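Residue numbers (our numbering): 229 to 451.
First comes the structure, then the notes that go with it.
Printed below as a string of C-alpha cells:
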C-alpha cells in the first residue's frame, strides 16, 4: 500500500484521484485546499488529515516523515499556475508526483524540474489520458504500421461551451491558466505529437481569450 498526499482536494478533478487511490488499495494521509468544501473526503478517506494553509500542511507532512510515515506520491489537482511550486514540494518531500495537465505554464520551468528530478531521484507523471483512449490507441497503431514516408493532412477543430463563471475563475486568467490552448487544447496537442511525431513548425494564426487557431508541421502530418 502506498501513501498519498492530495493538493487541490476541493477541485473539479480531485474526486477522480480519490477514487483511483481508493480503488488501487492505497491510502490518503493528508490533503490540502484553501477552500474547505471537501466533504467528498468522507466518501473515500475520512481519516485523512486536511489543511487549508500550505504552511501547516508542509509542517504536518514533515512531522509524519520524522515519524517514519513518508508519502510515496503527491497527487496535484491545483490550479495550473501553482503546479510548478507544488511539484517542487512533492519532489523535495521525497515522493513521486502525479500532476494534472499542464505540468507547467512556461517551457523553461520544465528544465528546472528535470534537475530537481535528478537531485531527488523521484519522477513527475503528467496525466494525458487520451493516450489510453481505445480509439486513439487504434489510430496510433494504424499510423505506426502505415507508410513511414506519408504526410497526413489533418483539420482538427474542437468547440466546447463554458459558462460565465469560467472568465471569473482562475481558468479565465491567461497568467494563471495559460489560456484556452494550454488549459483545454493541451490534450489535443499531446495526442497529435504522440501519433504523428515531433513539431517541426508552429504558427499561431489567432490567439484570443476564448479561441485559438494555428498551423503545425509534424513529422508525419500537417495540422
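Virtual Cβ for every residue (Gly too), placed ideally from N, Cα, C.
All values derive from a computational prediction rather than experimental measurement.
Assign residue i to buried or exposed, taking buried as 16 or more other Cβ atoms, counted over all protein chains shown, within 10 Å of its Cβ.
| i | result |
| --- | --- |
| residue 334 | exposed |
| residue 252 | exposed |
| residue 448 | buried |
| residue 352 | buried |
| residue 279 | buried |
Please report the distance separating the alpha-carbon of residue i from that of residue j.
| i | j | result |
| --- | --- | --- |
| residue 441 | residue 413 | 10 angstroms |
| residue 274 | residue 232 | 14 angstroms |
| residue 466 | residue 325 | Any property of residue 466 remains undetermined from this structure, which presents the chain solely from 229 to 451. |
| residue 210 | residue 372 | Residue 210 is absent from the structure shown; the chain starts at 229 and stops at 451. |
| residue 424 | residue 432 | 19 angstroms |
| residue 399 | residue 340 | 24 angstroms |
In this structure, does DSSP put residue i in helix, strand or coil?
| i | result |
| --- | --- |
| residue 331 | coil |
| residue 290 | helix |
| residue 344 | helix |
| residue 237 | coil |
| residue 444 | strand |
| residue 323 | coil |
| residue 314 | helix |
| residue 249 | helix |
| residue 259 | strand |
| residue 351 | coil |
| residue 358 | helix |
Using only alpha-carbon positions, find the residue among the options that is nearest to residue i.
| i | options | result |
| --- | --- | --- |
| residue 308 | 377, 407 and 449 | 407 |
| residue 364 | 416, 289 and 338 | 416 |
| residue 404 | 330, 362 and 246 | 330 |
(message) Three Cβ pairs or more, each shorter than 8 angstroms: is that satisfied between the stretch 383 to 395 and the stretch 301 to 316?
(response) no
(message) Assess contact between the stretch 250 to 260 and the stretch 276 to 284, defined as three or more Cβ pairs (one per stretch) separated by less than 8 angstroms. Is contact present?
(response) yes
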